[in-house]
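In UniProt numbering, the protein residues as written are 1 to 537.
Everything on this sheet refers to the single structure shown next.
And the structure:
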């Protein structure tokens, strides 16, 4: 948790030096509220409560700095509420920074149902988080109580916590069964026998213990592991004849789907048939509202894996490996596959790393595979799982280790992994949802691709004229069918929506829906070059 305090008398984020009208140095940042006139050519006003676009013109150059507008705060009825009292409370709460988004909880829109009675000194509000599995929800509640309670007129503070899970970013384009799932996480190794299913099942039950609504999809049709690792009372999937959908079975509150529960055992069929079975099992299941769907990916990088990645908007992937060099070679193929499909890998789990005996630590399979994956591919988090007989035994007994021994060493490792997955998924969703936006005030499309610090601005007409679909370019000859003059210079997008982690869908006034991949947007002619924190002329 990080607390930020701002002073109106001075700020480390703003410095303007002007020795003469033709020379100035400006350092940009957030300040409370100040108007500065550093030359006859311009006047700049900053306001922390309602950030807006700032334009400067100097000689023949135009610069722009854009900051996001604060999210609206829902204020409930109050018998003696004043604007000043509300400002006091919101200013106090804006000191609390969400470490995942890097933004205060007021701007994030977490503050709901704010009610104030200044005469009685009473303040009540609700903090609505994006996931019930937020690992620092108790910290948020404690800090919110503390920062509001120190206001001199406040005598009583009442904070309630809730969660409104984020909806899929483009749910209307998904099969009905997947439209109410907030995050879909793949657990993959691309090699059999490394403990991938063990990690998937224990991660799922860890997230459920954190308060999330969770489901597990066992995508290995040839050798399904889920029926062995969990013990639901109903071990056969049921069909809803009227809706022609599949009803998942459940164990300890987690929804389960596996070909092993279809009453067929292991499949003996060719690849195309397997892909169809996986598609049917995954997309026609009545998953209901889920915060996380964990997909236990089958080994390999072939048709089945590609089919899964294409029909499912994967939020992130967790990679499982073992210390051997052979394991790294196969895992590297999987990481490259996810990279090409624009699925971010957020963590590496190195299984069977070591065991302790006679006061010493032994590494029977060597060491370094997990670290090599992290270093070579830039995956930010590495978790080491020790060799534990109980971990293997729990997989055979039908009760996951994190359920059988919730306070044990293995459970603590999975708790850390669960926190990592929750935080990274939230961060990815935030980055994707704001990667491409349209600013009406400057009539420019702003692009900030996830995992990139570069921010660029594009003219809407430039984006529309660079469409590469069959409606704009002849698929056989490559001849440009859309002419430059067909698109007016003042065209503006009506809607911009994310499409997974790789592109956006842009709807234009003529009804055309353009698919614009991030890679293509980054190569277009830029309206304004990437802005630097400091501008000198």
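Think of the CB as a built atom: it goes at the ideal place given N, C-alpha and C, for glycine as much as any other residue.
Practice item. Kindly indicate which three-state DSSP category residue 95 falls into: helix, strand or coil? Key: Numbered from 1 along the chain shown, position 95 holds the residue referred to as residue 95. Secondary structure at residue 95: coil, using DSSP grouped into helix, strand and coil.
Practice item. Reducing DSSP to helix, strand and coil, say where residue 88 ends up. Key: Taking the first residue of the chain shown as 1, we reach residue 88 at position 88. Assignment of residue 88 by DSSP, reduced to helix, strand and coil, places it in the helix class.
Point to revise | alpha helix (DSSP H) segment containing residue 432, residue limits | key: Here residue 432 refers to the residue found at position 432 when the chain shown is read from its first residue. Secondary structure note for residue 432: its alpha helix (DSSP H) is the uninterrupted segment 409 to 433.
Exercise for review: Specify, as a first and last residue, the run of the beta strand (DSSP E) that residue 356 falls within.
Suggested key: Position 356 of the chain shown holds residue 356. In this chain, the beta strand (DSSP E) harbouring residue 356 covers 355 to 357.
**Study point:** Three-state secondary structure (DSSP) of residue 144
**Key:** For the purposes of this step, residue 144 is taken as residue 144 along the chain shown, with counting starting at 1. In the displayed model, residue 144 falls within a helix according to three-state DSSP.
Exercise for review: Could you tell me the distance, in whole angstroms, from the CA atom of residue 422 to the CA atom of residue 494?
Suggested key: Position 422 of the chain shown, counting from 1, holds the residue named residue 422. Position 494 of the chain shown, counting from 1, holds the residue named residue 494. In this structure, the alpha-carbon of residue 422 lies about 32 Å from that of residue 494.
Practice item. Within the same chain, show all residues whose beta-carbon is closer than 7 Å to that of residue 88, passing over the 5 residues directly before and after it, in chain order. Key: Here residue 88 is taken as the residue at index 88 of the chain shown, counted from 1. Around residue 88, the same chain offers 151 as residues with beta carbons nearer than 7 Å, after the five sequence neighbours per side are excluded.
Practice item. Grab me the residues of residue 444's own chain with a C-beta within less than 6 Å of its C-beta, minus the 5 sequence neighbours each way, in chain order. Key: Along the chain shown, read from residue 1 onward, the residue named residue 444 stands at position 444. Excluding sequence neighbours, residue 444 sits near 457 and 527.
Practice item. Can you give me the Cβ contacts of residue 215 inside the same chain, cut-off strictly under 6 Å, excluding the 5 residues immediately before and after it? Key: What you label residue 215 is simply residue 215 of the chain shown in a count that begins at 1. Scanning its chain for C-beta atoms nearer than 6 Å, with the 5 sequence neighbours on each side dropped, one finds around residue 215 the residues 255, 287, 290 and 293, in chain order.
Exercise for review: Would you decide whether residue 188 is buried or exposed? Buried here means 16 or more other CB atoms lie within 10 Å of its CB.
Suggested key: Taking the first residue of the chain shown as 1, we reach residue 188 at position 188. Residue burial is scored here from C-beta neighbours: residue 188 has at least 16 other C-beta atoms within 10 angstroms and is therefore classed as buried.
Exercise for review: Find the nearest neighbour of residue 387 within the set 154, 111, 137 and 195, judged by alpha-carbon distance.
Suggested key: By 1-based counting over the chain shown, the position of residue 387 is 387. Ranking 154, 111, 137 and 195 by Cα distance to residue 387 puts 195 first.
Review point. If you follow the beta strand (DSSP E) that residue 350 is part of, which residue opens it and which one closes it?
Key: In the chain shown, residue 350 corresponds to position 350, counting from 1. For residue 350, the uninterrupted beta strand (DSSP E) run begins and ends at 345 to 350, by DSSP.
Review point. Contact check, residue 392 vs residue 402 under 8 Å by CB: the rounded distance?
Key: Numbered from its first residue, the chain shown carries residue 392 at position 392. Numbered from its first residue, the chain shown carries residue 402 at position 402. Rounded to whole angstroms, the Cβ separation of residue 392 and residue 402 is 14 Å, and the two are not in contact under 8 Å.
Point to revise | Burial state of residue 519 (16 or more Cβ within 10 Å) | key: Here residue 519 is taken as the residue at index 519 of the chain shown, counted from 1. By the 10 Å Cβ count, residue 519 comes out exposed.
**Study point:** Option nearest residue 345 by Cα separation, candidates 102, 358, 374 and 361
**Key:** By one-based count along the chain shown, residue 345 stands at place 345. Looking from the CA of residue 345, the closest CA among 102, 358, 374 and 361 belongs to 374.
Practice item. State whether the stretch 315 to 323 contacts the stretch 336 to 355, with contact taken as three or more CB pairs (one from each stretch) at a distance under 8 Å. Key: Contact holds: three or more Cβ-Cβ distances are below 8 Å.
Point to revise | Close Cβ partners of residue 385 (< 8 Å) along its chain, the five nearest in sequence each way excluded | key: Walking along the chain shown from the start, residue 385 turns up at place 385. 195, 199, 349, 350, 351, 352, 353, 391, 410 and 413, listed in sequence order.
Check your understanding: Do residue 239 and the ligand FMN come close, with the Cβ less than 7 Å from some heavy atom?
Key -> With respect to small molecules bound, the structure shown includes none, and the ligand FMN cannot be examined in it.
Review point. Just reading off the beta strand (DSSP E) that residue 457 is part of, what are its end residues?
Key: By 1-based counting over the chain shown, the position of residue 457 is 457. Element bounds for residue 457: 456 to 458.
Exercise for review: Work out the CA separation of residue 359 and residue 311 for me, nearest whole Å.
Suggested key: Locating residue 311 in the chain shown gives position 311, where the first residue counts as 1. Locating residue 359 in the chain shown gives position 359, where the first residue counts as 1. In a straight line, the C-alpha of residue 311 is about 50 Å away from that of residue 359.
Review point. For residue 218, which residues does DSSP report across the bridge?
Key: To locate residue 218, count along the chain shown from 1; it is residue 218. Note: residue 218 sits in a beta bridge opposite 258 and 296.
**Study point:** As assigned by DSSP and simplified to three states, the class of residue 240
**Key:** Within the chain shown, the letter at position 240 stands for residue 240. In the three-state reduction of the DSSP assignment, residue 240 falls in the strand class.
Review point. What is the DSSP secondary structure of residue 507, reduced to helix, strand or coil?
Key: In the chain shown, the residue the question calls residue 507 occupies position 507. In the structure shown, residue 507 sits in a strand (DSSP, three-state: E or B).
Exercise for review: Could you pull out every residue in the same chain whose Cβ sits closer than 7 Å to the Cβ of residue 227, ignoring the five residues on either side in sequence?
Suggested key: By 1-based counting over the chain shown, the position of residue 227 is 227. Setting aside the 5 residues that flank it on each side, residue 227 is surrounded in the same chain by 235, 258, 260 and 261, each with a C-beta closer than 7 Å to its C-beta; the list follows chain order.
Practice item. Grab me the residues of residue 248's own chain with a C-beta within less than 8 Å of its C-beta, minus the 5 sequence neighbours each way, in chain order. Key: Counting from one through the chain shown, the residue named residue 248 turns up at place 248. Counting only Cβ-Cβ distances below 8 Å, and skipping sequence neighbours, we find 215, 237, 255, 256, 257, 285, 286 and 287.
**Study point:** Cβ neighbours of residue 183 in the same chain (closer than 7 Å, five flanking residues each side left out)
**Key:** Taking the chain shown and counting its residues from 1, one reaches residue 183 at position 183. Leaving aside the five residues that flank residue 183 on each side, the residues in its chain whose CB is nearer than 7 Å to its CB run, in chain order, 291, 292, 315 and 425.
Check your understanding: Can you name, in chain order, every residue of its own chain whose Cβ lies under 7 Å from the Cβ of residue 92, other than the five neighbours on each side?
Key -> Taking the first residue of the chain shown as position 1, residue 92 is located at position 92. Contacts found: 147, 148 and 151.
Review point. Going by beta carbon distance, what residues of the same chain come within less than 6 Å of residue 158, once the five residues before and after it are set aside?
Key: Sequence index remark: in the chain shown, residue 158 carries index 158 (1-based). Counting only Cβ-Cβ distances below 6 Å, and skipping sequence neighbours, we find 124.
Check your understanding: Taking DSSP as the reference, what is the three-state secondary structure of residue 199?
Key -> Along the chain shown, read from residue 1 onward, the residue named residue 199 stands at position 199. DSSP, read as helix, strand or coil, puts residue 199 in helix.
Check your understanding: Can you tell which of 365, 364 and 379 has its C-alpha closest to the C-alpha of residue 371?
Key -> On the chain shown, position 371 is the one that residue 371 refers to. Of the listed residues, the one whose Cα sits closest to residue 371 is 379.
Check your understanding: So, residue 418 versus residue 131, is the Cβ gap smaller than 8 Å?
Key -> Within the chain shown, residue 418 is the residue found at index 418, counting from 1. Within the chain shown, residue 131 is the residue found at index 131, counting from 1. Between residue 418 and residue 131, the CB-CB gap reaches or exceeds 8 Å.
Review point. Going by beta carbon distance, what residues of the same chain come within less than 7 Å of residue 137, once the five residues before and after it are set aside?
Key: Working through the chain shown from its first residue, we reach residue 137 at position 137. Once the five neighbours on either side are set aside, the close Cβ partners of residue 137 are 129 and 161.
Review point. Per DSSP, what kind of secondary structure is residue 468 in: helix, strand or coil?
Key: Within the chain shown, the letter at position 468 stands for residue 468. Coil.
Practice item. Report the rounded CA-to-CA distance for residue 67 versus residue 299, giving the unit in angstroms. Key: The residue labelled residue 67 in the question sits at position 67 within the chain shown. The residue labelled residue 299 in the question sits at position 299 within the chain shown. In this prediction, residue 67 has a pLDDT of 35, which is less than 50 and means its spatial position is unreliable; what the coordinates show is noted afterwards. In a straight line, the C-alpha of residue 67 is about 44 Å away from that of residue 299.
Review point. Grouping DSSP H, G and I as helix and E and B as strand, with all else coil, what is residue 188?
Key: To locate residue 188, count along the chain shown from 1; it is residue 188. If DSSP states are grouped into helix, strand and coil, residue 188 belongs with the strands.
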